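Input: a single structure, listed below in structure tokens.
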Amino acid sequence: MCMFCKCKTVKPSLDTFLANYKGCILIVKNVPCEECEQCGAKYYSDSVMEKLEKITSEAKSRMQELTVTDYSRVA
Numbered sequence: 040m041c042m043f044c045k046c047k048t049v050k051p052s053l054d055t056f057l058a059n060y061k062g063c064i065l066i067v068k069n070v071p072c073e074e075c076e077q078c079g080a081k082y083y084s085d086s087v088m089e090k091l092e093k094i095t096s097e098a099k100s101r102m103q104e105l106t107v108t109d110y111s112r113v114a
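Listed below in structure tokens is the structure:
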């Protein structure tokens, strides 16, 4: 169920995750998520969030100004 509009229907989808840390931008494309069919709100599973946290930590250690990656290549 959607937390925003209370619609009961969500579908599997892909999203682009963005993070900004001290002027460095991380973009992760094709992240699996659930998307509300009514309002479009997107939700990540716990396992996907854990992987995104790991990807973000690794990107922070490199401190590049811009990092763009595909989820399936690094998860």
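Numbering (our numbering), first residue to last: 40 to 114. All C-beta atoms in this analysis are idealised placements derived from N, C-alpha and C, irrespective of residue type, glycine included. Every value quoted in this text rests on a predicted model; they were computed, and no experiment measured them.
Coil, strand or helix - residue i by DSSP
i	result
residue 115	In this structure the chain extends from 40 to 114, so residue 115 is not present and cannot be described.
residue 90	helix
residue 83	coil
Reference residue i, options the options, closest by Cα
i	options	result
residue 54	67, 60, 103	67
residue 42	51, 82, 60	82
residue 91	50, 72, 51	72
residue 58	111, 79, 106	106
residue 93	76, 114, 56, 51	114
residue 130	100, 101, 75, 87	Past the edges of the chain, shown from 40 to 114, lies residue 130, and the structure says nothing about it.
Span separating the alpha-carbon of residue i from that of residue j
i	j	result
residue 62	residue 104	7 Å
residue 97	residue 108	12 Å
residue 52	residue 74	6 Å
Assigned exposure category for residue i - 16 Cβ within 10 Å defines buried
i	result
residue 60	exposed
residue 65	buried
residue 78	exposed
residue 46	exposed
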